[in-house]
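This report refers to the structure that appears directly beneath it.
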Amino acid sequence: MLIRSILNNLVKISALRKINKLKKYKEVEKIIYLLSPEHGNLGDQAIAIAIKKFLIDHYKNKEVIEFSYLEYMYIKKRISSISNDGDIIFLHGGGNLGNLYINEENLRRDVIERFEKNKIIIMPQSISFSEDNFGKIEIEKTKKIYNNHKNLYIVCRESKSFETAQSIFPNNNVILSPDSVLYLSDYYNKSPLRSGVLLALRSDKEKVIDDSRVNKLRGILENLEENLVFKDTIINKRVNEKNRIFEFEKILKAFGSSKLVITDRFHGVIFSFITKTPCIVFKSLDHKISEGIKWFNDIDFIYYAENDSENLSNVINNYLNMGNLNVDEKLKMEFINALQKII
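Numbering (UniProt numbering), first residue to last: 1 to 343.
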């Protein structure tokens, strides 16, 4: 607790210093990217890298300013000292629009209320509110705040969230786009020697795959005499703007040096796609996988094992023996084309 308190104080000091340095941009129209992550979820960090790169690539003549969700907590009452009504606000994407990650949702609501005159774009998100009383209460709060904003754009990263958003946010602009990380489709161009199988499986509240299924997979792979590596896309350390690229490239190297990836994480699928690594995918708690996987229907090295398929052993064997794979920029272009409609 003491270490966390010290780290949070350092974030606070850094955020306040950043605000003071940026006051000179008060009257300049700029891009403000808010609520980026400071935790060890490398899927979220990859989203941050992709969003930041996209903003810098697109807004070549504007200053792009970033504040993480921790920084925003400390400077939200002072952010008016650097912002004006002409600034465009971009909010972090991912899978936390709903009540499963209520702290993130509360911060997003705060931004939307605080920047009532600005154009705000929520980058590609999955939407999920639980069916219990908590979820019903929170969805009404979100609906009220979002619908009250006159210039809010909500980008959804799969069709179920898109349909939900169209239903509950009738006053907002809703569009469909692939996940932000697909903007990095051409990021990884290495061709390392590959060996073994990487299992990137959840151990958090979104886990669905049980130990018996994992043991079945292990048995199949051990019979094929394949070395197994267990590596989650979440690491137990703080990751922020300073070290996110290092950690992202490290996880890509792990994926890219494997012959096969087995995962139930959506960004495990995308990391496999970027590194041209055959991938077998299992569902997660909500619709992130079952809906998000549809973007990859035409990708012949990504297999969605919706159920315990009878031919899973054959799929594994075939995927282990795939040759060199290619990735085109179709999904990257779909992301760009979707965003260009609203920016």
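For each residue, glycine too, the CB sits at the ideal point set by N, CA and C. What you are looking at is a predicted structure, and each value in this text was computed from that prediction instead of being measured.
Which of helix, strand or coil DSSP assigns to residue i
i      : result
Ser185 : coil
Met333 : helix
Gly95  : strand
Tyr101 : coil
Ser36  : strand
Val11  : helix
Phe271 : helix
Asn153 : For clarity, residue 153 is Tyr in the given sequence; the question names Asn instead. Looking at Tyr153 - three-state DSSP - the assignment turns out to be strand.
Phe169 : coil
Ile79  : helix
Phe115 : coil
Leu193 : coil
Residue i burial status per 10 Å Cβ neighbour count (16 or more: buried)
i           : result
Glu225      : exposed
Pro192      : exposed
Leu228      : exposed
residue 344 : No information on residue 344 is available, as it lies outside the stretch 1 to 343 that the chain covers here.
Leu10       : exposed
Lys24       : exposed
Ile56       : exposed
Gly86       : exposed
Glu222      : exposed
Arg202      : buried
Gln45       : buried
Ile65       : buried
Ile6        : exposed
Phe248      : buried
Val28       : exposed
Gln125      : buried
Glu158      : buried
Ser284      : buried
Phe134      : exposed
Host beta strand (DSSP E) of residue i (start-end)
i      : result
Lys119 : Lys119 to Ser128
Glu66  : Val64 to Ser68
Val197 : Val197 to Ala200
Contact under 8 Å by Cβ, residue i with residue j
i           : j      : result
Gly292      : Asp204 : no
Leu152      : Leu35  : no
residue 344 : Ala338 : Residue 344 is absent from the model: the chain starts at 1 and stops at 343.
Phe255      : Phe271 : yes
Ile139      : Phe129 : yes
Val261      : Leu325 : no
Arg109      : Ile154 : no
Ala200      : Arg265 : yes
Lys26       : Ile82  : yes
Ile47       : Val181 : yes
His39       : Val239 : yes
Thr277      : Ile251 : no
Ser185      : Glu329 : yes
His267      : Lys160 : no
Ile220      : Ser313 : yes
Ile299      : His58  : no
Thr263      : Tyr188 : no
Lys259      : Leu217 : no
Tyr183      : Lys332 : yes
Lys62       : Lys18  : no
Lys52       : Tyr72  : no
Glu105      : Thr142 : yes
Ile120      : Ile112 : yes
Phe296      : Phe273 : yes
Run of the alpha helix (DSSP H) containing residue i, from where it starts to where it stops
i      : result
Leu55  : Leu42 to His58
Asn147 : Asn133 to Asn148
Q: Just list the beta strand (DSSP E) runs in the segment 204 to 266, keeping only unbroken ones of 3 residues or longer that don't cross its boundaries, in chain order.
A: If one requires a minimum length of 3 residues, the beta strand (DSSP E) runs lying completely within the segment 204 to 266 are 228 to 230 and 260 to 263, in chain order.
Q | Unbroken stretches of the beta strand (DSSP E), 3 residues or longer, contained in the segment 280 to 342 | A | The qualifying runs are 302 to 304.
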